[in-house]
Amino acid sequence: MLFSSTAAFRKATDITPDILKRLDIRGLILDLDNTLTTHDNPVPAEGVMDWLSLMKKNNIRLMIVSNNHPPRVRPFADMLGLEFVCEGAKPLTKGFTEALRRMKLPKEQIAAVGDQIFTDVLGANLFGIKMLYVVPIEHEKTAFFKLKRFLEKPFIPKKYF
-13 MLFSSTAAFR KATDITPDIL KRLDIRGLIL DLDNTLTTHD NPVPAEGVMD
37 WLSLMKKNNI RLMIVSNNHP PRVRPFADML GLEFVCEGAK PLTKGFTEAL
87 RRMKLPKEQI AAVGDQIFTD VLGANLFGIK MLYVVPIEHE KTAFFKLKRF
137 LEKPFIPKKY F
């Protein structure tokens, strides 16, 4: 199904190397806003830096793919020491295709990590990679996002690792 996830987590930092090993995942395509930090926040969420270090120690390849623009994505990715693709056009496959090319891993060993059903989840499924859904760090306050989150409700996973 286009709106289903391979697995769901309360937050990105709940994803462990052991879980990734069981799912045969060696690379993660990471969403930025509301996955690694809140919208427009220049600082990673609590625990993200340690989590990224753990992933790197376990040879998990990491790349940010965001629909946001370079002035938002570049400084954040640079601070984390991660490669990135901005203006990724999710749910279209443009950003995922670029990440796959640069990560040099087979599709079967890559998963997307993100909080939005209609961009991250749909995009991962259209591209044919595993999807690790995470609960948004914080619910946005704009009318657009409130509507989007309301429409996502039927597709939100019921079980979490």
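Using the working numbering, you'd call the opening residue of the sequence shown number -13 and step up by one each time.
We treat Cβ as the ideally placed atom computed from N, Cα and C, and that holds for glycine.
query	result
Can the beta-carbon of residue 126 be found less than 9 Å from the beta-carbon of residue 132?	yes
Just list the residues that DSSP pairs residue 23 with in beta bridges.	19
How big is the Cα-Cα spacing for residue 34 and residue -2?	8 Å
May I ask you to verify whether the region 35 to 45 touches the region 106 to 116, counting CB pairs closer than 8 Å and requiring at least 3?	no
Looking only at DSSP bridge pairs, what is residue 98 linked to?	15 and 117
Measure the Cβ-Cβ separation of residue 118 and residue -6 and say whether it is below 9 Å.	yes
Indicate the three-state DSSP secondary structure (helix, strand or coil) for residue 147 in the structure shown.	coil
So, helix, strand or coil for residue 133, using DSSP?	helix
Restricting to Cα atoms, I'd like to know which of 103, 101 and 70 is closest to residue 87.	70
Use the C-beta contact count for residue 19: other C-beta atoms within 10 angstroms, 16 or more gives buried, fewer gives exposed.	buried
Would you identify the three-state DSSP class for residue 50, choosing helix, strand or coil?	strand
Can you name the residues that DSSP bridges to residue 70?	50
Identify, in the order they occur along the chain, each residue of the same chain with its Cβ nearer than 6 Å to the Cβ of residue 60, setting aside the five sequence neighbours on each side.	none
Please name the residue, chosen from 98, 120 and 142, that lies closest to residue -4 on a Cα-to-Cα basis.	120
Grouping DSSP H, G and I as helix and E and B as strand, with all else coil, what is residue -11?	coil
Just checking my contact of residue 28 with residue 22 at CB under 8 Å: how many whole Å lie between their CB atoms?	The pair is not a contact, with the Cβ atoms about 11 Å apart (cut-off 8 Å).
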